[in-house]
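Written out below as structure tokens is the structure these notes cover.
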Amino acid sequence: QDMENSFFMNVNDQVAEVCSQLAKDPHLKGGYNAMGFSQGGQFLRAVAQRCPSPPMLSLISVGGQHQGVYGFPRCPGESSHICDWIRRTLDLGAYTQAVQEHLVQAEYWHDPLKEEDYRKNSIFLADINQERGINETYKKNLMALKKFVLVKFLNDTMVDPPISEWFGFYKPGQAKETIPLQETSLYKE
230 QDMENSFFMN VNDQVAEVCS QLAKDPHLKG GYNAMGFSQG GQFLRAVAQR CPSPPMLSLI
290 SVGGQHQGVY GFPRCPGESS HICDWIRRTL DLGAYTQAVQ EHLVQAEYWH DPLKEEDYRK
350 NSIFLADINQ ERGINETYKK NLMALKKFVL VKFLNDTMVD PPISEWFGFY KPGQAKETIP
410 LQETSLYKE
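Residue numbering for the sequence shown is 230 to 418, as defined by the working numbering.
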């Protein structure tokens, strides 16, 4: 079921479920440290931003796509048919309501050639990246982390663009040249 949910369960529902489970665990009332791999990195960042109790103390994100992806890799093995189907679906309508609500990878699909569609229709990433307005609670909760470590793979072939793992992305309006976090509007605002 976890494998299926990683493709098809709405990320906002996943985050809400994790928040509920964390809040019920008495062992975590003093705080906890979290580590997420790949999409789990940005999902745990959403937990840090949306769920202050119990407090997340540190977050390590390994290969998380914090500015999203604009490209979907070829998946080896048993999942290859699922990945092929997802790739075709994203190409056809990543920002349609049905796709956003039922395809996890669409929720962090960030098309630099369709920025307005992305900001308006992304039900997850545009929200946690505060691209439709500043959410002071998200900001305060993220700033409360004692440590926030972003690990980027040196030769990543799964995340496109790889600089998304460090909050970088493509320059606006094109999909070739990337810029680091410090040059993005996300950072400047």
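The C-beta atom is built at its ideal place from N, Cα and C for all residues, glycine as well. On a predicted model such as this, the values are computed, not experimentally measured, just so you know.
A contact between stretches requires three or more CB pairs, one per stretch, nearer than 8 angstroms, and the segment 252 to 265 fails this requirement with the segment 341 to 353. Here the segment 355 to 368 makes contact with the segment 274 to 287; the two share three or more CB pairs at distances below 8 angstroms.
In the same chain as Lys405, and ignoring 5 residues on each side of it, the C-beta atoms closer than 8 angstroms to its own belong to Tyr399, in chain order.
When the Cα atoms are used, Ala245 and Met372 turn out to be separated by approximately 20 angstroms.
About 5 angstroms separates the CB atoms of Phe266 and Val291; that is less than 8 angstroms, so the two are in contact.
Setting aside the 5 residues that flank it on each side, Ser393 is surrounded in the same chain by Gln294, His295, Gln296, Gly297, Val298, each with a C-beta closer than 7 angstroms to its C-beta; the list follows chain order.
The C-alpha of Trp338 is placed about 7 angstroms away from the C-alpha of Ala323. Setting aside the 5 residues that flank it on each side, Pro284 is surrounded in the same chain by Gly260, Ala373, each with a C-beta closer than 7 angstroms to its C-beta; the list follows chain order. Cβ-Cβ distances below 6 angstroms link Gly270 to Ser290, Gly293 in the same chain, with the five nearest sequence neighbours on each side left out; the list follows chain order.
Here the C-alpha atom of Glu345 lies approximately 32 angstroms from the C-alpha atom of Ala263.
Under the DSSP definition of a beta bridge, Met285 partners with Tyr261. Around the Cβ of Phe272, a 10 Å sphere holds 16 or more other Cβ atoms; the residue is buried.
Within its own chain, the residues whose Cβ lies closer than 6 angstroms to the Cβ of Phe396, once the five positions on either side in sequence are excluded, are His295, Gln296, Leu410, listed in chain order. Here Ala335 is buried: its Cβ has 16 or more other Cβ atoms, across all protein chains shown, within 10 Å.
Of the candidates Ser287, Leu251, Asp356, Leu288, the residue whose Cα lies closest to the Cα of Asn241 is Asp356. Within the model, the alpha-carbon separation for Phe377 versus Ser287 is close to 6 angstroms. Under the three-state reduction of DSSP output, Phe236 falls in the helix class.
The Cβ atoms of Pro341 and Gln403 lie closer than 9 angstroms to each other. In this model, Thr407 and Ser249 are separated by some 37 angstroms (Cα to Cα).
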